[in-house]
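Worksheet: the structure to be examined is printed underneath.
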Amino acid sequence: MSAYLAEILPYWHQHIDQPDLPAAARFNAWYQVDDGTLAERFGDLVETLLEQPDGARDMPNTAATVIVLDQITRKLFGHSTRTYAAHQAAAQIAGPVLVSDKRRQLQLIEQIALAMTLGNTEELSWHDAALAWFTQAETENGDDERELLQAFRDIAERRREIIRQFGRFPLRNTVLGRSSTPGEAYFVVGTGCEFG
Numbered sequence: 005m006s007a008y009l010a011e012i013l014p015y016w017h018q019h020i021d022q023p024d025l026p027a028a029a030r031f032n033a034w035y036q037v038d039d040g041t042l043a044e045r046f047g048d049l050v051e052t053l054l055e056q057p058d059g060a061r062d063m064p065n066t067a068a069t070v071i072v073l074d075q076i077t078r079k080l081f082g083h084s085t086r087t088y089a090a091h092q093a094a095a096q097i098a099g100p101v102l103v104s105d106k107r108r109q110l111q112l113i114e115q116i117a118l119a120m121t122l123g124n125t126e127e128l129s130w131h132d133a134a135l136a137w138f139t140q141a142e143t144e145n146g147d148d149e150r151e152l153l154q155a156f157r158d159i160a161e162r163r164r165e166i167i168r169q170f171g172r173f174p175l176r177n178t179v180l181g182r183s184s185t186p187g188e189a190y191f192v193v194g195t196g197c198e199f200g
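Offset between the sequence shown (1-based) and the numbering used here: plus 4.
Here's what the structure looks like:
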C-alpha cells in the first residue's frame, strides 16, 4: 500500500500546487482534478483505505491517506454514505496532526488539505480547529500564500457556520436517511447551498 500512497502526493502537487500561478488559479485547480484519471490510477487504493484507513505512520503517507479518504472519495463517489464515512475517517487522522507540530513536516498545500478535511465533518470542534490553523498559517506566510489561505478559509468559515446553525450538513440528510427540519429544507432549496 505504501507504494501506491507514494504516488498520491506527486500527483496532487502536479495538479494543485503550482506556485507560479495566481492564488485564484491555484484555488480553482483544487476542484478540477480529472475524476476518470483518479478512478483509473487510485481506485484500488481507495477501496483498500476505506477498509483499513489508519495504515499510515510517517507524515507524507499520512497526508496522502487523508487526501485519498477526503478528496478522492468525494470525486469518485460524490455525495454518498461511503464518502461521508471516509470523511470521518480522514478527520480522525488529520485532526491530531494539524493541531500538533507534526504538521510542520508537511508542505503548506498538504496542511491545507488536512484543514479542509476537518471542514468536511459534522463536528463543530473540528471546524474550530481548522479555522484556528488558518489564523496561525496566515501569520506565518507571505502575501501570495495568505491570499491562497484566505480563499480556502472563506469556505471553511461558511461550512462552520452551517454546522453552528444546524449541527450537521442539511444537504446530507437525504443520502443519510435523516429527516430535515423546515429550516434545513429551506436552507437546501432556498439558498442553493452546495456545501455538504
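A virtual CB, placed ideally from N, CA and C, is assigned to each residue, including glycine.
Values in this document were obtained by computation on a predicted structure and should not be read as measured data.
So for residue i, helix, strand or coil by DSSP?
i, result
"Q18", "helix"
"E151", "helix"
"G171", "coil"
"E127", "coil"
"F199", "coil"
"G146", "coil"
"R108", "helix"
"Q75", "helix"
"Q140", "helix"
"D2", "The requested residue 2 does not occur in the structure, where the chain is confined to residues 5 to 200."
"P57", "coil"
"T121", "helix"
"R182", "coil"
"V103", "coil"
"H91", "helix"
Exposed or buried, which one is residue i when buried takes at least 16 other CB atoms within 10 Å?
i, result
"D74", "buried"
"R108", "exposed"
"P174", "buried"
"P14", "exposed"
"P186", "exposed"
"L128", "exposed"
"T125", "buried"
Roughly how far, in whole angstroms, is the beta-carbon of residue i from the beta-carbon of residue j, given that I think they are within contact range, below 8 Å?
i, j, result
"R168", "F199", "Going by Cβ atoms, the distance from R168 to F199 rounds to 13 Å, so no, they are not a contact pair."
"L210", "L122", "As shown, the chain starts at 5 and ends at 200. That puts residue 210 outside it, with no answer to give."
"A119", "A134", "4 Å"
"H83", "V179", "5 Å"
"L80", "V50", "6 Å"
"R176", "Y88", "6 Å"
"P57", "A93", "4 Å"
"F138", "R157", "4 Å"
### Task
Count the CB pairs spanning the region 65-74 and the region 110-117 that are closer than 8 Å, and state whether there are at least three.
yes
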